[in-house]
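Reviewing the structure listed below.
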Amino acid sequence: MDITTTILLFATLSVAAYLGWLVVQLKARLATMVNAEEANAAQQDLLAQLDAQDQEIQALRDESEQRSQRACGT
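The sequence shown begins at 224 in the numbering used here and counts up one residue at a time.
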């Protein structure tokens with residue numbers, strides 16, 4: 224093998240290694256983004272559940288207040 228072939232082989236292997244490293248980095252970032260999206264969806268679901276519970280509590284308070292007013296005759 225002459226020096227030119229050796230240099231080209233080394234350069235090719237270096238580029239291949241760098242591209243492999245880039246693929247690993249991109250996969251890691253994509254996984255992080257997917258996890259963030261899943262976490263955001265779970266957070267939105269929990270917020271919706273809390274909102275529904277808050278509305279239910281408010282309805283029970285209103286009903287309790289109405290019963291109290293009827294019991295007092297006002």
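Don't be surprised by glycine CBs; every beta carbon is placed ideally from N, CA and C. Please read all numbers here as calculations on a predicted model, not as lab measurements.
Mapping the DSSP letters down to three states, classify residue i as helix, strand or coil.
i: Met-256; result: helix
i: Asp-225; result: coil
i: Gly-296; result: coil
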